[in-house]
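Trainee: For what it's worth, the numbering used here labels the leading residue of the sequence shown as -4, then goes sequentially.
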Amino acid sequence: MSTSAHRLRRAAGIRRPAAVALAAALGAALLGGPVGVAGAVGAPADRLPGTTDASDAPEGDESTAAARDAASREAARSGKRVEVLALRSETAAVFANPSGTFTEERHAVPQRVRRNGRLLDVDTRLVAGRDGLAPRATAVGMRFSTGGDGPLAVIRRDGRSIEFSWPDPLPAPEVQDNTATYPEVLPGVDLKLSAGPDGFAQLLVVKSAKAAAHPRLRRVSIGMRTNGVSTDVDRHGNITAVDHAGQEVFHAPTPRMWDSSGAAGTERHATAAPADRDRGRGRSAAAGSEFAPPPGARESAMPVTLTDDTLSLVPDRSLLTGKDTAYPVYIDPYVTGSRAAWTLAYKRYPNTAYFNGSGWGSGTTTEARVGYEGETNHLGRSFFRMDSRNLWNTDKQIIKSTFRIKNTYSWSCNKRPVQLWQTGAISSSTTWNNQPTWSSKLDEVNDANGWSGSCPAGNIAFDATAAAKRAASGKQNNITFGLRAANESDTFAWKKFDARSAVLSTEYNTPPKAPSALDTTPSTLVGGSCTPASGQHVTLGNTDVWLNAKIADPDGGTVKARFHLWATGKRHTEPGLLFDQSVSVTSGSIARVKVPRALLAQYEDVSGGRFSWKAQAFDDRANSDWTPALGEPGCLFGFSAQRPSNPPAVTSPQYPDGSDGWPNETGTARTAGTFTLAPGGATGVERYEYWSDWDQKVRAVDAGPGGTATIQLTPMSTGPHRLFVRSLNAGGNRSDLTAYLFYADSPEAPDQPGDLNGDGNADLYGIRGNGELRLYAGRGDGTLGPADQVAPTGFAGSLITHRGDWTGDGFEDLIEHRRVEGETRDALVVHPNDGRGHLGEDRFELKVYEDEHRQWQGADQILAIGDVDGPLDTDGDGTADVPGHPDLLVRKGGQLWLYFGAPSGYLDEHLEQPPVLIGNSGWSDYDLAAPGDVTGNGRVDLLARNRVNGNLYLYEGTGDRGEGLAVYGSRTHVAGGWSPTERPLLASGGDADNDGVPDLWATTADTGAGLVFHPALRRESIGAPKGVGTTGWQSFRALS
């Protein structure tokens, strides 16, 4: 890890209570001793922040922040935009601009797919594997037959599948690029399969009239077997397959057939302007595809029927065997599992859906169309759904947004206007007769590209800023754009576009956050506040006063802080503002400016020696709110030039002074440091009192020769810390207070799974019946240390789990499921680990963008299982650009859901990686535990106890979409005798005895044993129990 990345771990993404905990610790000292933070540490609040307020979620982990910051610095240095590789996804890329802003380019369809920890470009070429032919890299899994018996084709997504079969053994296919051809499956009939980015086409090629007379072409029946989905067909022949939660997994548009009449393989028109004809002379269009009907072909939709195991199509006999039929005749169905969202609406087939281009002919088209095509009397419109969640998940300022798409073909080089509209939502049911509302026209561009060398194919850009701003202000999850010709009866307005190129490019700036952790040096907080009640302010002696504030910008990089100071009560009267100074700092650091003592002495008599001040953060485009807010009193301190000020001096070789920012070299969290305290100019110092932001107990140490003293302290968490010190003389008189600012780097490696306090041993949380939360520190041999009370109450009725770092600080955090008081809503709350296994104050909710994904409402169990999908290499260089993040299982009734965690705090962060229903039913009788990787295949596994028969089962994880974690047929029996009577509660901390094999803790009905430890959990066995707890364990209602 580089020095900067190591330093930034838990800096930008870290959610530590800097403003609250530090302020409380500082201010209490001036009243004789520290006071607690408002609200008991670790006790859940009566009311949690709303789940729709994205500002409550984390800003991202340290690696993302470091990548964003590095890209921003490189862009400023080079004068060119730089991609933030950690933010690259299947459909999006984010670039840092030299101006300090960022640009997100969000595509309508995937440009890349995730495979085995890498992002790969979409590649539909077929390759032979152990189980058949498969495309190299597509958004859904597909497998085609290599001949013989067995399935013809299988399509898979999220553990669900549809399998198709041909009635007879298949010949060996001829493979070319993405297409497999099975010759003569009937006399004179070939069968073709073609892989697309998100589905496949199946095409019967009837090569002659004799072949068309075959009786099996009167009704074409294809075997169909589903797994995890149920299918239905509407009255127009559009087929949908949904999971047990009613969410669409696969879609097949109305099957069609066509013959070979018409202008096969060419685009013709006789009405081009003469000049265009001349310029286009010699030009030929791209060769047509068998999987799409050529212009002028005779076409027909086919009726569809579905039974439990058969898909049947009834070809149009007049087209199949008619006297004017031109052979070959093509008969298709198409199946897609795409999550992308664009579609065509075609007036000629008003009830046919072409969602994501599927069903265009016998395949999928990537060509969007607008306008009127005179030769075939076609009128088309196109729609694109763009993910807009990243425009508002932080408080972004939209600067400019452009919808850009490549115009690949126009009727001529004569320009005609095309319009961009914002429309209502689209779906797999969108057709010409079922179009969304055309809400507002955004832009109109007069252009023509793709007819000839005089007007070659090229991009057309539309101003979509108004729509992007509406999405940001309205927190809309997506924007749907519609393209249409301005004149839909003008043949010259006919255009084709490459749907794969459709991109929404949005430049944005995220305003800095309001400053936090305001204080002065020497410190002047009272009761943790810089705005104390009247009469309680602190008066400093004759010294320069430093104004301090923590400044953060979600975009990272350099940010500025502005400080204003005035004589209290005289801000808007004479003498007005006395001090206005700005300073630049790295985001997440403490900004400091010095107010000279001479200035304070000059105005000391204006307001009785009292001064007020505020701070504001700003970048080149936006300002934060002031802290304290406008209209509120400013921070307050007193000054007396007649009183000396000699706060102690503090130095540390391990943790150097951080007043000028995070030092290049400093100690790591949980590592002891030596701090030397010196008089700082005071005389007669006899002892020092000190405390810290992580330990507010006031301690004293006697001064030695020369008035110095040495203490040892161990900061528990990463980021900025303060040590507070004051000296006392023989008369007990206290000096001004020193707040020594220093930084702690993150540990070199994150804590081991299950370890809560950094000692390398798995630990255990437990909730007693009265709602008390306890921590039991593991000793590394399966036994546990004495109980450590984390929260005295507040967890009654809660579900808890811990596995993995949810805040980007390297420490394992606690997830709590609880009912929000006064509401009917259940919340998932992340309690950050303070480094000791206790709970930080800055808890936050895990959220989802889409309400349908909120499946934890009424959940029976939650389980942080570990990292299912692992880290991600976005650029193929072999190094992970996106670190792994823990994931979550939710058991609700009989269903089991897998949620993929993300640094943003949203559990459906990526459009291509939504929550997955991995268990359809039957899970209500199971209790779950997360042992880690039991089988050694590099994937986390799931342990489940059947409460009815008392058996333990292991479900082996096999894929990055949760494959295997809920597969009944592949589970293994581990042990019996684990009924709730015999083992009421169970939990796994991973490897609790440090032998490299996961283990299990369980309570027991034996009141003398209470808690037992089972070592060596394996695929089909578990070690004999040994008692590690005695009485009292029967009073626990949850373990984790």
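Just so you know, even glycine gets a beta-carbon here, dropped at the ideal spot from N, CA and C.
1. State the start and end residues of the unbroken beta strand (DSSP E) segment that holds residue 212.
2. Return the chain-ordered ranges of every alpha helix (DSSP H) run that is complete within the region 312 to 348 and spans a minimum of 4 residues.
3. Taking just the CA atoms, how far does residue 773 sit from residue 779?
4. Just list the beta strand (DSSP E) runs in the region 475 to 531, keeping only unbroken ones of 3 residues or longer that don't cross its boundaries, in chain order.
5. Would you tell me roughly how many angstroms separate the C-alpha atoms of residue 582 and residue 65, rounded to the nearest one?
6. Could you give the uninterrupted runs of the beta strand (DSSP E) lying entirely in the region 807 to 884, keeping only those of 3 residues or more?
7. Taking the beta strand (DSSP E) that residue 1021 belongs to, which residues open and close that run?
8. Measuring alpha carbon to alpha carbon, tell me which of 97, 682 and 743 ends up nearest residue 701.
9. Go ahead and label residue 122 buried or exposed: buried means 16 or more other beta carbons lie within 10 angstroms of its beta carbon, across all protein chains shown.
10. Quick one: Cα of residue 489 to Cα of residue 481, how far?
11. Three or more beta-carbon pairs under 8 Å between the region 493 to 509 and the region 607 to 625, yes or no?
12. Who are the near neighbours of residue 429 in its chain, counting only those whose CB is closer than 6 Å to its CB and skipping five residues on each side?
13. Comparing alpha-carbon positions, which option in 890, 906, 888 and 549 lies nearest residue 896?
14. In terms of DSSP beta bridges, what is residue 219 paired with?
15. Going by DSSP, which residues form a beta bridge with residue 598?
16. Among 449, 474, 415 and 426, whose alpha-carbon lies nearest the alpha-carbon of residue 456?
17. How many angstroms separate the CA atom of residue 74 from the CA atom of residue 398?
18. Grouping DSSP H, G and I as helix and E and B as strand, with all else coil, what is residue 1029?
19. Short of 6 Å in beta carbon distance, which residues of its chain neighbour residue 46, apart from the five on each side in sequence? Order them along the chain.
20. Could you check what DSSP says for residue 470 in three-state terms: helix, strand or coil?
21. Quick one: grab the DSSP three-state call for residue 372.
22. Secondary structure at residue 426, three-state DSSP: helix, strand or coil?
23. Within its chain, find whatever has a CB closer than 7 Å to the CB of residue 601; leave out the 5 residues flanking it on each side and keep chain order.
24. For residue 294, does the count of other Cβ atoms within 10 angstroms reach 16, so buried, or fall short, so exposed?
25. On a CA-only basis, which of 884, 544 and 337 is nearest residue 193? Give me that one, please.
26. Distance check for residue 912 and residue 1037, CA to CA, integer angstroms please.
27. CA-CA distance, residue 898 and residue 863?
28. From residue 132 to residue 212, what distance separates their C-alpha atoms?
29. If residue 664 sits next to residue 715, beta carbons under 8 Å apart, how far is it from one beta carbon to the other, in whole angstroms?
30. So within the region 522 to 580, which uninterrupted beta strand (DSSP E) runs reach at least 3 residues, ignoring any that extend past its ends?
31. Could you check how far apart the C-beta atoms of residue 808 and residue 797 are, in whole angstroms? I think they sit under 8 Å.
32. Which of the three DSSP states, helix, strand or coil, is assigned to residue 360?
33. Spell out the partners DSSP gives residue 226 in its beta bridges.
34. Can you give me the Cβ contacts of residue 519 inside the same chain, cut-off strictly under 6 Å, excluding the 5 residues immediately before and after it?
35. Any idea which residues DSSP pairs residue 438 with across the strands?
36. Do you know whose CA, among 97, 990 and 447, lies nearest residue 775's CA?
Mentor: In short, the structure shows the following:
1. Locating residue 212 in the sequence shown gives position 217, counting from the first residue. Segment: none, residue 212 is in no beta strand (DSSP E) and carries neither H nor E.
2. Complete alpha helix (DSSP H) runs here, min 4: 312 to 315.
3. Working through the sequence shown from its first residue, we reach residue 779 at position 784. Working through the sequence shown from its first residue, we reach residue 773 at position 778. Between residue 779 and residue 773, the C-alpha separation is close to 5 Å.
4. The DSSP assignment places complete beta strand (DSSP E) segments of no fewer than 3 residues inside the region 475 to 531 at 490 to 504 and 511 to 516, in order along the chain.
5. In the sequence shown, the residue the question calls residue 582 occupies position 587. In the sequence shown, the residue the question calls residue 65 occupies position 70. Those two C-alpha atoms are separated by around 12 Å.
6. Taking only runs of at least 3 residues, the beta strand (DSSP E) segments lying wholly in the region 807 to 884 are 809 to 814, 821 to 826, 839 to 841 and 856 to 861.
7. As a first step, residue 1021 is located in the sequence shown; it is residue number 1026 there, counting from the start. For residue 1021, the uninterrupted beta strand (DSSP E) segment begins and ends at 1021 to 1024.
8. In the sequence shown, residue 701 corresponds to position 706, counting from 1. Of the listed residues, the one whose Cα sits closest to residue 701 is 682.
9. Start at 1 with the first residue of the sequence shown, and residue 122 comes out as number 127. Label assigned to residue 122: exposed.
10. In the sequence shown, counting from the first residue as 1, residue 489 sits at position 494. In the sequence shown, counting from the first residue as 1, residue 481 sits at position 486. Those two C-alpha atoms are separated by around 10 Å.
11. Of all C-beta pairs linking the region 493 to 509 to the region 607 to 625, three or more are shorter than 8 Å, placing the two stretches in contact.
12. Counting from 1 along the sequence shown, the entry for residue 429 is found at position 434. The same chain holds no residue with a CB closer than 6 Å to that of residue 429 once the five nearest residues on each side in sequence are set aside.
13. The residue given as residue 896 occupies position 901 in the sequence shown. Of the candidates 890, 906, 888 and 549, 906 places its Cα closest to the Cα of residue 896.
14. The sequence position of residue 219 within the sequence shown is 224, counting from 1. Bridge partners of residue 219: 159.
15. In the sequence shown, counting from the first residue as 1, residue 598 sits at position 603. In DSSP, residue 598 forms no bridge with anything.
16. For the purposes of this step, residue 456 is identified with residue 461 of the sequence shown, where counting begins at 1. Residue 415 is the option with its Cα nearest to residue 456.
17. On the sequence shown, residue 74 is found 79 positions in, with the first residue counted as 1. On the sequence shown, residue 398 is found 403 positions in, with the first residue counted as 1. Those two C-alpha atoms are separated by around 24 Å.
18. For the purposes of this step, residue 1029 is identified with residue 1034 of the sequence shown, where counting begins at 1. It is helical.
19. Along the sequence shown, one-based indexing puts residue 46 at 51. Interpretation of residue 46 is limited by its pLDDT of 31, a score under 50 that renders its predicted location unreliable; no figure is taken from the coordinates.
20. Residue 470 sits at position 475 when you count from the first residue of the sequence shown. DSSP places residue 470 in coil when its eight states are reduced to three.
21. As a position in the sequence shown, residue 372 is number 377, starting the count at 1. It is coil, neither helix nor strand.
22. Counted from its first residue, the sequence shown places residue 426 at position 431. The answer is strand: DSSP assigns residue 426 an E or B state.
23. In the sequence shown, the residue the question calls residue 601 occupies position 606. If the five residues before and after residue 601 are omitted, its C-beta is found closer than 7 Å to the C-beta atoms of 562, 565 and 570, all from its own chain and listed in chain order.
24. The residue given as residue 294 occupies position 299 in the sequence shown. Classification for residue 294: buried.
25. Taking the first residue of the sequence shown as position 1, residue 193 is located at position 198. Among 884, 544 and 337, the Cα nearest to that of residue 193 belongs to 337.
26. Here the chain covers residues -4 to 1035 and nothing more, so residue 1037 does not appear.
27. For the purposes of this step, residue 898 is taken as the residue at position 903 of the sequence shown. For the purposes of this step, residue 863 is taken as the residue at position 868 of the sequence shown. Taking the straight line joining both Cα atoms gives about 15 Å.
28. In the sequence shown, the residue the question calls residue 132 occupies position 137. In the sequence shown, the residue the question calls residue 212 occupies position 217. When rounded, the distance between both Cα atoms is 34 Å.
29. As a position in the sequence shown, residue 664 is number 669, starting the count at 1. As a position in the sequence shown, residue 715 is number 720, starting the count at 1. About 12 Å; that fails the 8 Å criterion.
30. The qualifying runs are 540 to 546 and 553 to 562.
31. Along the sequence shown, one-based indexing puts residue 808 at 813. Along the sequence shown, one-based indexing puts residue 797 at 802. Indeed, because the Cβ distance is near 7 Å, the residues count as touching under 8 Å.
32. As a working mapping, residue 360 is identified with position 365 in the sequence shown. Residue state, collapsed to three classes: coil.
33. Numbered from 1 along the sequence shown, position 231 holds the residue referred to as residue 226. Per DSSP, 236.
34. In the sequence shown, residue 519 corresponds to position 524, counting from 1. Hits under 6 Å: 533 and 632.
35. Mapped onto the sequence shown, residue 438 falls at position 443. Answer is 415.
36. Residue mapping note: residue 775 aligns to position 780 of the sequence shown, counting from 1. Of the candidates 97, 990 and 447, the one whose C-alpha sits nearest the C-alpha of residue 775 is 990.
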